[in-house]
Amino acid sequence: MFAVEPLDATFGAMVHGIELRSLDDETWNALHATWLEHALLIFPGQFLSREEQDSFANRFGALEFKAAPISNLGKNGQVHADPADDVVKALRGNEGWHHDSTYMPLQAKGAVFSAEIVPSAGAATGWADMRAAYDALDEATRDRLAGLTAYHSLFYSQGREGYLPSKRDENGGYAMYGYHDQEPSLRPLVKVHPDTGRPNLLIGRHAYGIVGMDPDESEHLLDELNDWACQAPRVHFHQWEPGEAVVWDNRRLMHRATPFDMREPRRMWHTRIAGEPESELALNHR
Ligand SMILES: [Fe+2]
Numbered sequence: 013m014f015a016v017e018p019l020d021a022t023f024g025a026m027v028h029g030i031e032l033r034s035l036d037d038e039t040w041n042a043l044h045a046t047w048l049e050h051a052l053l054i055f056p057g058q059f060l061s062r063e064e065q066d067s068f069a070n071r072f073g074a075l076e077f078k079a080a081p082i083s084n085l086g087k088n089g090q091v092h093a094d095p096a097d098d099v100v101k102a103l104r105g106n107e108g109w110h111h112d113s114t115y116m117p118l119q120a121k122g123a124v125f126s127a128e129i130v131p132s133a134g135a136a137t138g139w140a141d142m143r144a145a146y147d148a149l150d151e152a153t154r155d156r157l158a159g160l161t162a163y164h165s166l167f168y169s170q171g172r173e174g175y176l177p178s179k180r181d182e183n184g185g186y187a188m189y190g191y192h193d194q195e196p197s198l199r200p201l202v203k204v205h206p207d208t209g210r211p212n213l214l215i216g217r218h219a220y221g222i223v224g225m226d227p228d229e230s231e232h233l234l235d236e237l238n239d240w241a242c243q244a245p246r247v248h249f250h251q252w253e254p255g256e257a258v259v260w261d262n263r264r265l266m267h268r269a270t271p272f273d274m275r276e277p278r279r280m281w282h283t284r285i286a287g288e289p290e291s292e293l294a295l296n297h298r
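Numbering (the working numbering), first residue to last: 13 to 298.
As structure tokens, then:
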């Protein structure tokens, strides 16, 4: 069986001695339990094809979307490096801590992410443990957060940083994933993990407008929580090697990109695992 080497953080492990492209059921069951325990698993030297990555992701549940490039490399081989470029704005937005797809009606369960082209410096991915963050809160803050809900929106998070796309579709909307015309998703600030039964903070850059709170007070509280939660020992930053793959639990962890010189090409592949409607649907989309 595979070997698990825990990271120096409240979560996460390197996994050695496993071939993700050919898992038997016994290995899969053990790996799934390891994933629920550590929330982030890093697998060196996998070099998965897009199809192999999608079938591995599919073991965890239905897919929100299949392997998609997260890249500054254009279709014609040109690199996107201009700060005003919509591709660059989308990538820079990812540098804020977030859970994936909380702005959609159905929050993601997790993601498989792999490295194909890695720049010479920078471009680490960071993760932060929102279960350990909740556990470390003082009693007064836990009481203050209990029962609170916030809206999540990509219009909000990208707009706040000045990263909204320039390009509009024929209806005046943004023709990019996540900019939907449905009501912004309303989610609890503390969410119980459906598999572990443990409470986790559900915050990040997409969250705003805590219900029943003045907008400035809400923004201040969320900024403070995000800053405080994403500190050691609850964070881990991974510097990528080509061929590595990871899978993370988006119900427990936040993550973020970090800067790099965008004149150098970078190409990652992201397969997003859909949440379960019973536990990951927004409160106002049930
Ligand atoms: Fe993300």
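We put the CB at the ideal spot given by N, CA and C, even for glycine. In this text, all values refer to a predicted model and were calculated from it rather than measured experimentally.
- Those residues whose C-beta sits under 7 angstroms from the nearest heavy atom of ligand 1 are, from N- to C-terminal order along the chain, ASN106, HIS110, ASP112, HIS267.
- Residue burial annotation: PRO56 is exposed, with fewer than 16 other C-beta atoms found within 10 angstroms of its C-beta.
- Judged by beta-carbon spacing, HIS218 lies beyond the 8 angstroms limit of TYR146, meaning their Cβ atoms are not closer than that value.
- DSSP lists ARG284 as the beta-bridge partner residues of PHE77.
- Look at PHE249 here: in three-state DSSP terms it is strand.
- Within 10 angstroms of the beta-carbon of ASP141 lie 16 or more other beta-carbons, which makes it buried.
- Within the region 214-278, complete alpha helix (DSSP H) segments of at least 4 residues are found at 227-241, given in chain order.
- It is roughly 14 angstroms from the alpha-carbon of GLY134 to the alpha-carbon of HIS248.
- In the three-state reduction of the DSSP assignment, HIS297 falls in the helix class.
- Residue range 62-70 is occupied by the alpha helix (DSSP H) that includes SER67.
- Distance between ASN238 and HIS110, taken at the CA atoms: about 9 angstroms.
- DSSP places ARG156 in the uninterrupted alpha helix (DSSP H) bounded by 151-157.
- Separation of VAL91 and LEU295 (C-alpha to C-alpha, rounded to the nearest whole angstrom) is 40 angstroms.
- The beta carbons of ARG284 and PRO81 sit no closer together than 8 angstroms.
- In terms of Cβ geometry, ASN84 and VAL99 form a close pair [threshold 8 angstroms].
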